[in-house]
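Protein chains in written order, with the working numbering: chain A, 336 to 492; chain B, 336 to 492.
Glycine residues also receive a C-beta, built at the ideal position from the N, C-alpha and C atoms.
Take a look at the structure set out below.
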DNA sequence: CTGGGATAGTTGTTCATACAACAACTCGCC
DNA sequence: GGCGAGTTGTTGTATGAACAACTATCCCAG
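Encoded structure:
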């Protein structure tokens, strides 16, 4: 076996993959049992709810949700069909479109919150405690920001 | 807007999703540019490489890779077709099968390691530093273990 | 004003992946 | 011998990514 296979960097990255996978599995299962939202849908709804006018441009939403633009088009198609969000034309740029939270979507989100918060309480807060959790969030935020518009040029290619 | 939408728990969980998404995107892009392995394939190879006999049972591999057994079946199909791994019958339990690293697979893994380690160095180690990284890994491990067969931390299992 | 390049979003195709449901099988026990 | 629990691996269905083609629109330079 190659010695680098046990490198701490690989282990740490693997841990991120495994923790993400395990948490999404259990939290997602609980969320879907209590509502009929998947984590992906929930994340879209909550991002819209937190945005001024309960709306975001398609491309902005794609970026926040880490989806491709075409992937987002289809996701919005399905959520629009479920009446949770709707598209609205952008008055200042007629190429653009907003995704807007509907009343149905806001209600679904609010109905899902108690169960979801409880789920996060048990699976995220309880194992770490509030203090270490905020440390974790800060580190993850650093990683995210650095991986997105990273100060160091990403592709040397 | 509902006040709970800004809850720290939701933010922390969202950060996990975003950091995971952003890192997988950039590290995966670099890995695929340097080799023709995806992150998923790489993770399978490295887990096999670390295991005695360079082999794992299908179900064990599925568990480690946070994949369902059915998802693993198809993944192993494609990787077997690419000659990176092969299936081998388990002599002691005729229901079972091993996934075994082939020489081709070991060579592909070794060829991928330098670029991948460099990628992790820049995107994971550099933003946090080695010390905070090990903290992060420890917290993620706690979350993972708790989310999997969750034995609560306060009382011994 | 006008021509042309850049941008926003949609659509179609193809492939990879996720899980649930399912069938086939082994093992251990009576 | 055979029942039943648990495990293993294969199918159906759905979602998401990458890529390219296409429309409509914006904006800038001349």
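1) Starting from residue 467 (chain B) and walking both ways along the alpha helix (DSSP H), at which residues does that stretch end?
2) Would you report the Cα separation of residue 447 (chain B) and residue 449 (chain A), rounded to the nearest angstrom?
3) For residue 424 (chain B), does the three-state DSSP call read helix, strand or coil?
4) Quick check on residue 394 (chain B): buried or exposed, where buried means 16 or more other Cβ atoms within 10 Å of its Cβ?
5) Report, in whole angstroms, the separation of the C-beta atoms of residue 400 (chain B) and residue 379 (chain B), which I expect to be a contact under 8 Å.
6) Considering only their Cβ atoms, is the gap separating residue 359 (chain A) from residue 458 (chain A) smaller than 7 Å?
7) Is DSSP giving residue 382 (chain B) helix, strand or coil here?
8) I'd like to know whether the C-beta of residue 422 (chain A) is nearer than 7 Å to at least one C-beta of chain B.
9) Could you name the residues of the region 364 to 379 of chain A whose beta carbon sits closer than 8 Å to any beta carbon of chain B, in the order they occur along the chain?
10) Do residue 474 (chain A) and residue 455 (chain B) have their C-beta atoms closer together than 7 Å?
11) Could you give the first and the last residue of the continuous alpha helix (DSSP H) run that contains residue 447 (chain B)?
12) Is it true that the CB of residue 483 (chain B) sits closer than 7 Å to the CB of residue 433 (chain B)?
13) Going along chain B in order, which residues have a C-beta closer than 8 Å to the C-beta of residue 348 (chain A)?
14) How many Å lie between residue 302 (chain A) and residue 481 (chain A) at the Cα?
15) Quick one: does residue 478 (chain A) have its CB under 7 Å from some CB of chain B?
16) When we look at the beta-carbon of residue 357 (chain B) and count the other beta-carbons within 10 Å, is it buried (16 or more) or exposed?
17) How many whole angstroms separate the CB atoms of residue 382 (chain A) and residue 396 (chain A), which I take to be in contact at a CB cut-off of 8 Å?
18) Quick one: which unbroken beta strand (DSSP E) runs of 3-plus residues sit fully inside the region 386 to 411 of chain B? Chain order, please.
19) So, at 7 Å on beta carbons, what are the nonlocal neighbours of residue 460 (chain A) in its own chain, with the 5 sequence-adjacent residues on each side left out?
20) Comparing C-alpha positions only, which one of A:377, A:370, A:343, A:371 sits nearest to residue 436 (chain A)?
21) Can you tell me which of A:464, A:352, A:479, A:465 puts its alpha carbon nearest to the alpha carbon of residue 398 (chain B)?
22) Are the C-beta atoms of residue 471 (chain B) and some chain A residue less than 7 Å apart?
23) Taking a contact to mean a Cβ-Cβ separation below 7 Å, would you say residue 478 (chain B) touches residue 354 (chain A) in this structure?
24) Going along the region 405 to 419 of chain A in order, which residues come within less than 8 Å of chain B, judged by CB to CB distance?
25) Is residue 503 (chain B) close to chain A, meaning its C-beta is less than 7 Å from at least one C-beta of that chain?
26) I need the DSSP call for residue 417 (chain B), collapsed to helix, strand or coil.
27) By the 10 Å Cβ neighbour count, where 16 or more other Cβ atoms means buried, how is residue 345 (chain B) classified, buried or exposed?
28) Classify residue 466 (chain B) as buried or exposed, calling it buried when 16 or more other Cβ atoms lie within 10 Å of its own Cβ.
29) Using CA coordinates, which residue listed in B:438, B:406, B:427 is at the minimum distance from residue 421 (chain B)?
30) Would you mind reading off the limits of the alpha helix (DSSP H) that contains residue 346 (chain B)?
Taking the definition as stated:
1) Stepping through the second chain from its first residue, residue 467 (chain B) is reached at position 132. Looking at the DSSP string, the run of the alpha helix (DSSP H) that includes residue 467 (chain B) is 465 to 482.
2) Taking the second chain and counting its residues from 1, the one referred to as residue 447 (chain B) is at position 112. Taking the first chain and counting its residues from 1, the one referred to as residue 449 (chain A) is at position 114. When rounded, the separation of the alpha-carbon atoms in residue 447 (chain B) and residue 449 (chain A) is 45 Å.
3) Position 89 of the second chain, counted from the first residue, corresponds to residue 424 (chain B). Here residue 424 (chain B) sits in strand by DSSP.
4) To locate residue 394 (chain B), count along the second chain from 1; it is residue 59. Residue 394 (chain B) should be labelled exposed.
5) Along the second chain, read from residue 1 onward, the residue named residue 400 (chain B) stands at position 65. Along the second chain, read from residue 1 onward, the residue named residue 379 (chain B) stands at position 44. About 6 Å separates the two Cβ atoms, so the contact holds.
6) The sequence position of residue 458 (chain A) within the first chain is 123, counting from 1. The sequence position of residue 359 (chain A) within the first chain is 24, counting from 1. Cβ atoms of residue 458 (chain A) and residue 359 (chain A): not closer than 7 Å.
7) Position 47 of the second chain, counted from the start, is the residue given in the question as residue 382 (chain B). Of the three classes helix, strand and coil, the one that applies to residue 382 (chain B) here is helix, per DSSP.
8) The residue given as residue 422 (chain A) occupies position 87 in the first chain. Answer no: the Cβ-Cβ gap between residue 422 (chain A) and chain B never drops below 7 Å.
9) 374, 378
10) Position 139 of the first chain, counted from the start, is the residue given in the question as residue 474 (chain A). Position 120 of the second chain, counted from the start, is the residue given in the question as residue 455 (chain B). If you check the CB distance, residue 474 (chain A) and residue 455 (chain B) do not come in under 7 Å.
11) Here residue 447 (chain B) refers to the residue found at position 112 when the second chain is read from its first residue. Per DSSP, residue 447 (chain B) belongs to the alpha helix (DSSP H) from 438 to 455.
12) Locating residue 433 (chain B) in the second chain gives position 98, counting from the first residue. Locating residue 483 (chain B) in the second chain gives position 148, counting from the first residue. No, Cβ-Cβ distance for residue 433 (chain B) and residue 483 (chain B) is not below 7 Å.
13) Residue mapping note: residue 348 (chain A) aligns to position 13 of the first chain, counting from 1. 358, 362, 455, 459, listed in chain order.
14) Lying outside 336 to 492, the shown extent of chain A, residue 302 (chain A) is not represented and no answer is given.
15) As a working mapping, residue 478 (chain A) is identified with position 143 in the first chain. Yes, residue 478 (chain A) lies at the interface with chain B (some Cβ there is under 7 Å from its Cβ).
16) Here residue 357 (chain B) corresponds to residue number 22 of the second chain, with the count starting at 1. Burial call: buried.
17) What you label residue 382 (chain A) is simply residue 47 of the first chain in a count that begins at 1. What you label residue 396 (chain A) is simply residue 61 of the first chain in a count that begins at 1. Confirmed, about 7 Å.
18) Fully enclosed beta strand (DSSP E) runs of no fewer than 3 residues occupy 390 to 392 of the region 386 to 411 of chain B, in order along the chain.
19) Numbered from 1 along the first chain, position 125 holds the residue referred to as residue 460 (chain A). Take residue 460 (chain A), set aside five residues on each side of it, and the residues of its chain with a beta-carbon closer than 7 Å to its own are 468, in chain order.
20) By one-based count along the first chain, residue 436 (chain A) stands at place 101. Considering only alpha carbons, the answer is A:377.
21) Within the second chain, residue 398 (chain B) is the residue found at index 63, counting from 1. Nearest of A:464, A:352, A:479, A:465 to residue 398 (chain B), Cα basis: A:352.
22) Translated into positions along the second chain, residue 471 (chain B) becomes position 136. Output row for residue 471 (chain B): interface = yes.
23) Residue numbering aside, residue 478 (chain B) sits at position 143 when the second chain is read from its first letter. Residue numbering aside, residue 354 (chain A) sits at position 19 when the first chain is read from its first letter. It is a contact, given that the beta carbons lie within the stated cut-off.
24) none
25) No answer is possible for residue 503 (chain B): the residues shown for chain B start at 336 and end at 492.
26) Here residue 417 (chain B) refers to the residue found at position 82 of the second chain. Reduced to three states, the DSSP call for residue 417 (chain B) is coil.
27) Walking along the second chain from the start, residue 345 (chain B) turns up at place 10. Looking at its Cβ environment, which holds 16 or more other Cβ atoms inside 10 Å, residue 345 (chain B) is buried.
28) Working through the second chain from its first residue, we reach residue 466 (chain B) at position 131. Exposed, because fewer than 16 other Cβ atoms sit within 10 Å of the Cβ of residue 466 (chain B).
29) Against the second chain, residue 421 (chain B) aligns to sequence position 86. Cα-wise, what sits closest to residue 421 (chain B) is B:438.
30) Against the second chain, residue 346 (chain B) aligns to sequence position 11. Segment 343 to 369, the alpha helix (DSSP H) holding residue 346 (chain B).
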